[in-house]
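**Student:**
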Amino acid sequence: MIARLSERQRIEILILLGCGDKIRSQAEVCALFNAKYPRNQISQGTVSKIFHKFEEHGTVHDLPRIGRARGLNEEKKCDIALELENPYTSTV
Numbered sequence: 001m002i003a004r005l006s007e008r009q010r011i012e013i014l015i016l017l018g019c020g021d022k023i024r025s026q027a028e029v030c031a032l033f034n035a036k037y038p039r040n041q042i043s044q045g046t047v048s049k050i051f052h053k054f055e056e057h058g059t060v061h062d063l064p065r066i067g068r069a070r071g072l073n074e075e076k077k078c079d080i081a082l083e084l085e086n087p088y089t090s091t092v
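All residue numbers in the sequence shown are consecutive under the UniProt record's numbering, ending with 92.
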């Protein structure tokens, strides 16, 4: 299983790609990162995805996911608790 990279590690990848006058290839960045973090091995694809994400969105943060939200909100939890306490009343 591939370990998730921290925000700090993602930023470090961007810095390794192009810092000052030295611009490195994705393969060089991959090798440097893997040498520094042997437990979090990455591929050139990971470097590419982080770079393109930063170019497109201007951030290395995890972006919001699409789709249905998980779980219940507090209002729904209260409605369920009230219904369980007194099943003969309506919450509408």
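Note that beta-carbon positions come from the ideal geometry of N, C-alpha and C, so glycine has one too.
Please read these numbers as outputs of a predicted model, since none were measured by experiment.
If I follow the unbroken alpha helix (DSSP H) through Leu-14, where does it start and stop?
**Tutor:** Run containing Leu-14: 7-17, per the alpha helix (DSSP H) assignment.
**Student:** Using 8 Å as the threshold, is the region 11-26 in touch with the region 67-84, meaning 3 or more CB pairs across them?
**Tutor:** no
**Student:** Whole angstroms are fine: how far does the CA of Ile-11 sit from the CA of Glu-74?
**Tutor:** 36 Å
**Student:** CB Leu-16 to CB Leu-5, shorter than 9 Å?
**Tutor:** no
**Student:** Do His-61 and Glu-7 have their C-beta atoms closer together than 9 Å?
**Tutor:** Against a cut-off of 9 Å, the Cβ pair of Glu-7 and His-61 comes out as a contact.
**Student:** Closer than 7 Å by C-beta to Lys-76: which residues in its own chain qualify, once you throw out the five before and the five after it? Chain order, please.
**Tutor:** none
**Student:** Using only the alpha-carbon positions, how far apart do Cys-30 and Glu-55 sit?
**Tutor:** 18 Å
**Student:** Quick one: residues in its chain with C-beta nearer than 7 Å to the C-beta of Leu-63, no 5 flanking neighbours on either side, listed in chain order?
**Tutor:** Here the set comprises His-57.
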